[in-house]
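Q: Structure below; questions to follow.
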Amino acid sequence: MPDSSSRPIVEIYTSPFCGYCGRAKALLQQKGVTFQEYDVMMDSGLRAVMTERARGDHRVPQVFINDEHIGGSDKLMMLEMSGGLDAKLASA
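Heads up, the sequence shown is in the numbering used here, so the first residue is 343 and it goes up one at a time.
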């Protein structure tokens, strides 16, 4: 049985009714990835934290794997298509 401490820490900042957020979450769920979701819609403090971590990008979603900023849905999909997402998820 895999050691849960070796799982990657995946965080995603989202807001309700965001199609790109749904797309990113669906990919992570399809891969069986457990992630922490932060809804920034009604929390300006949390949005400020996200924007700082994302180096000024205030759009959602913003995805982080092991505290590394991946970017939004398009970047996550490009990483998946290049085979890089599995490598990042395995490097916990």
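We put the beta carbon where it would ideally sit given N, CA and C, even for glycine.
Mind reading off the beta-carbon distance from leucine 418 to valine 405? Whole number of angstroms is fine, and I expect it under 8 Å.
A: The Cβ separation is near 5 Å, so the contact holds.
Q: So what's aspartate 381 in DSSP terms, helix, strand or just coil?
A: Strand, per DSSP.
Q: For valine 375, report the span of its beta strand (DSSP E) as first-last.
A: Neither: valine 375 is in no beta strand (DSSP E) and is coded neither H nor E.
Q: Using CA atoms only, rank isn't needed, just tell me which of Ser433, Met420, Gly387 is closest to arginine 365.
A: Looking at the Cα atoms, Met420 is the closest of the given residues.
Q: Which of the three DSSP states, helix, strand or coil, is assigned to valine 402?
A: In this structure, valine 402 counts as coil in the three-state DSSP scheme.
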